[in-house]
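Notes follow once the structure below has been shown.
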Amino acid sequence: MHLAYPAVLSALLFCTGLYGVLARRNAILVLMSVELMLNAVNLNLVAFDVWLSRTAAETLHSGQALTLFTIAIAAAEIGIGLAIVLAVHRNRGTADIDKLRDTAEGHESPGLHDGTDDGTDHGIDGPDNGARTARQAGRAGKAEASA
Numbered sequence: 044m045h046l047a048y049p050a051v052l053s054a055l056l057f058c059t060g061l062y063g064v065l066a067r068r069n070a071i072l073v074l075m076s077v078e079l080m081l082n083a084v085n086l087n088l089v090a091f092d093v094w095l096s097r098t099a100a101e102t103l104h105s106g107q108a109l110t111l112f113t114i115a116i117a118a119a120e121i122g123i124g125l126a127i128v129l130a131v132h133r134n135r136g137t138a139d140i141d142k143l144r145d146t147a148e149g150h151e152s153p154g155l156h157d158g159t160d161d162g163t164d165h166g167i168d169g170p171d172n173g174a175r176t177a178r179q180a181g182r183a184g185k186a187e188a189s190a
């Protein structure tokens, strides 16, 4: 097989992943796009390793070893990334990257953490329970002070 076939497939996979990173707003889809880009790199590493092993008499298969290292790093990255996304989703209520960036910069979107209670009971383990009870205690203290 020619080197051009896996190289073109790898370029298409990488471009698809790059488009997904730049165009998607959901953090989980961005993580999936990063994984697609890493798989494109792995395909390129293995293809060039096989191509170079045909020309050299003694090969170390360094492309395949580096691919195994990349797979291990990608597995750790997706595990930590998903844990962060789940923690942010529990606290903020969304995994939308634009909304998370706006709240981090101090430009809070209306309805999110504006001090109003939506009337829903999230229970003990609900999202933002500590901050919600602190806001309720602050409102109760202000109401008592104004009375």
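Each number in my numbering comes from the position in the sequence shown (counting from 1) with 43 added on. Even glycine gets a Cβ: it sits at the ideal position worked out from N, Cα and C.
Under 8 Å between C-beta atoms of residue i and residue j
i      : j      : result
Leu46  : Trp94  : yes
Met80  : Gly60  : yes
Val89  : Thr110 : yes
Leu86  : Ser53  : yes
Arg133 : Leu143 : no
Of the residues the options, the one placed nearest residue i, counting alpha carbons only
i      : options                      : result
Val51  : Gly122, Val84, Gly124        : Val84
Ile121 : Thr98, Gly106, Thr102, Met75 : Met75
Ala117 : Asn82, Ala66, Leu65          : Asn82
Asp141 : Ala130, Leu125, Ala66, Tyr48 : Ala66
Own chain, CB closer than 7 Å to residue i, minus 5 neighbours either side, in chain order
i      : result
Leu72  : Gly63
Asp139 : Arg68, Asn69
Gly106 : Leu88, Val89, Phe91, Asp92
For residue i, three-class secondary structure by DSSP
i      : result
Leu55  : helix
Leu111 : helix
Cβ-based neighbour list, residue i, same chain, cut-off 8 Å, excluding 5 preceding and 5 following
i      : result
Thr113 : Leu81, Val84, Asn85, Leu88
Val128 : Ala70, Ile71, Leu74, Ala138
Sequence-distant residues of the same chain with beta carbon closer than 6 Å to residue i, five excluded per side
i     : result
Thr98 : none
Taking the runs of the beta strand (DSSP E) that are 3 residues or longer, which of them lie wholly in the stretch 60–109? List check, beta strand (DSSP E) in window: nothing returned.
Start-end ranges of the alpha helix (DSSP H) lying completely within the stretch 119–143, minimum 4 residues: Listed in chain order, there is nothing to give.
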